Amino acid sequence: GAGVSQSPSNKVTEKGKDVELRCDPISGHTALYWYRQSLGQGLEFLIYFQGNSAPDKSGLPSDRFSAERTGGSVSTLTIQRTQQEDSAVYLCASSYTGTGRYEQYFGPGTRLTVT
Amino acid sequence: GEDVEQSLFLSVREGDSSVINCTYTDSSSTYLYWYKQEPGAGLQLLTYIFSNMDMKQDQRLTVLLNKKDKHLSLRIADTQTGDSAIYFCAERPSGTYKYIFGTGTRLKVLA
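Sequences listed follow chains A and B, in order. If you use this note's numbering, the first sequence closes out at 115, no skipped numbers anywhere. If you use this note's numbering, the second sequence closes out at 226, no skipped numbers anywhere.
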């Protein structure tokens, strides 16, 4: 079946503009995660959604970052008033929680460049 | 702290075995995972191990788990140039859906 998809694959924006990044999880996966990966770095957790529960937003770096998940499926990560330090690859992952293993399946990422 | 530690780099010759090590932090973690990231791509799940196991073998991959020392390793037999990538270990503490990823080990395979 189809994997996790993300769009756009690349985004170049000017400092101060808002951007929206989209994630389409694997159908039937109830958990969805957003991560940020800066050049040569590991993964920084941003937020996760699990079913109808309140999202865990503990990793969002500032109030310029927000995310929503509509209908338990597609998610959008919004960065307002982008700064150069927001330049990174934003990765989305989804997970099926019914097995207990919760292995995450990742999308290809969106590379964001703020000029 | 919550840091999952990995060495940053590993270089091996084609055909040799590679061993990538990881020290995790939470003894309650019931599953531990290995992911592979090729250049310009997302992370791909390689394998996982349940915490009541000491070893898991999957084709060229062998995972060893030492719960006492909270040490996890990934052995790749007959390493190929296509194995060159960054390898991340991850733990998922009990009671949470959240993963803690290591910093990643960059494996370079020399022909």
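Positions of the beta carbon are idealized from the N, C-alpha and C atoms, including for glycine. Quantities reported herein were computed from a predicted structural model and do not represent experimental measurements.
Kindly indicate if chain B contains any beta-carbon less than 8 Å away from that of residue i.
i, result
"residue 109 of chain A", "yes"
"residue 101 of chain A", "yes"
"residue 31 of chain A", "yes"
"residue 76 of chain A", "no"
Buried or exposed: where does residue i fall if 16 or more other Cβ atoms within 10 Å of its Cβ makes it buried?
i, result
"residue 86 of chain A", "buried"
"residue 107 of chain A", "buried"
"residue 115 of chain A", "exposed"
"residue 121 of chain B", "buried"
"residue 116 of chain B", "Interpretation of residue 116 of chain B is limited by its pLDDT of 48, a score under 50 that renders its predicted location unreliable; the figure taken from the coordinates is listed afterwards. By the neighbour-count rule (16 or more Cβ atoms within 10 Å), residue 116 of chain B is not buried but exposed."
"residue 222 of chain B", "buried"
"residue 95 of chain A", "buried"
"residue 192 of chain B", "exposed"
"residue 124 of chain B", "exposed"
How many whole angstroms separate the CB atoms of residue i and residue j, which I take to be in contact at a CB cut-off of 8 Å?
i, j, result
"residue 9 of chain A", "residue 110 of chain A", "6 Å"
"residue 126 of chain B", "residue 194 of chain B", "Actually they do not touch by this definition, with Cβ atoms about 10 Å apart."
"residue 102 of chain A", "residue 207 of chain B", "6 Å"
"residue 26 of chain A", "residue 3 of chain A", "6 Å"
"residue 200 of chain B", "residue 152 of chain B", "6 Å"
"residue 163 of chain B", "residue 148 of chain B", "5 Å"
"residue 69 of chain A", "residue 32 of chain A", "6 Å"
"residue 144 of chain B", "residue 209 of chain B", "7 Å"
"residue 160 of chain B", "residue 90 of chain A", "Not really, about 19 Å apart at Cβ, beyond 8 Å."
"residue 11 of chain A", "residue 112 of chain A", "5 Å"
"residue 150 of chain B", "residue 203 of chain B", "4 Å"
Taking only beta-carbon positions, decide if residue i is within less than 8 Å of chain A.
i, result
"residue 194 of chain B", "no"
"residue 210 of chain B", "no"
"residue 228 of chain B", "Here chain B has residues from 116 to 226 only, and residue 228 of chain B is not among them."
"residue 139 of chain B", "no"
"residue 219 of chain B", "yes"
"residue 200 of chain B", "no"
"residue 222 of chain B", "no"
"residue 176 of chain B", "no"
"residue 125 of chain B", "no"
"residue 160 of chain B", "yes"
"residue 207 of chain B", "yes"
"residue 116 of chain B", "Confidence at residue 116 of chain B is low in this model, with a pLDDT of 48, below 50, so the placement of that residue is unreliable and no value is reported for it."
"residue 157 of chain B", "yes"
From the DSSP output, read off the bridge partner residues of residue i.
i, result
"residue 217 of chain B", "B:119"
"residue 206 of chain B", "B:147 and B:215"
"residue 56 of chain A", "A:48"
"residue 75 of chain A", "A:23 and A:69"
"residue 228 of chain B", "Outside the shown range of chain B, which is 116 to 226, sits residue 228 of chain B, and nothing can be said about it."
"residue 5 of chain A", "A:24"
"residue 168 of chain B", "None, per the DSSP bridge assignment."
"residue 94 of chain A", "A:32 and A:105"
"residue 88 of chain A", "A:112"
How about residue i: is its C-beta nearer than 8 Å to some C-beta of chain C?
i, result
"residue 43 of chain A", "The displayed structure is made up of protein chains A and B, and chain C is not among them."
Using 7 Å as the cut-off, classify the Cβ of residue i as near or not near the heavy atoms of the ligand ZN, replying yes or no.
i, result
"residue 65 of chain A", "Absence of the ligand ZN from the depicted structure is noted, as is the absence of any ligand whatsoever, leaving it without description."
How do the stretch 11-29 of chain A and the stretch 65-84 of chain A stand: do at least 3 beta-carbon pairs fall below 8 Å, yes or no?
-> yes
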